[in-house]
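Enquirer:
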């Protein structure tokens, strides 16, 4: 799932940029959620597999750019990533470990190129 910073920040709650700076004007990742065939999804599948930033240290720079937290108060986004891992990522752990989960989300965002597609469609 992606989110557009402009619309997120335009809500009544407003937004706060991450402590490391304003994210790019691009769609950001909100999460990667496994779904059942009926459209529902599992959540909080394995409380015994906690988030560990050490497992994704090599991805942090890319996550900061592509998966920033816009929630207030400002943060380094790690609590957002923790929430997404705990709620959704642990439900994919039979296929993806923690590193694989975050890498898969980054890969999907990279392959999608949603902003480029919208810009191209607007020029036709």
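Numbering (the working numbering), first residue to last: 7 to 130. Cβ coordinates follow ideal geometry from the N, Cα and C atoms, glycine included. Just so we're clear, the structure is a prediction, and the values are computed from it rather than from any experiment.
I'd like to confirm the pairing. Which residues does DSSP put opposite residue 59 in its beta bridges?
Expert: The partner list for residue 59 (beta bridge, DSSP) is empty, contrary to what the question assumes.
Enquirer: Compare the Cα-Cα distances from residue 20 to each of 96, 61, 75 and report the closest residue.
Expert: 75
Enquirer: On the three-state DSSP scale, how would you describe residue 95?
Expert: helix
Enquirer: Quick check on residue 63: buried or exposed, where buried means 16 or more other Cβ atoms within 10 Å of its Cβ?
Expert: exposed
Enquirer: Taking only three categories from DSSP, how would you classify residue 45?
Expert: Here residue 45 sits in coil by DSSP.
Enquirer: Mind checking whether residue 96 and residue 43 have CB atoms under 9 Å apart?
Expert: no
Enquirer: Under a three-way DSSP split, which group does residue 128 fall into?
Expert: helix
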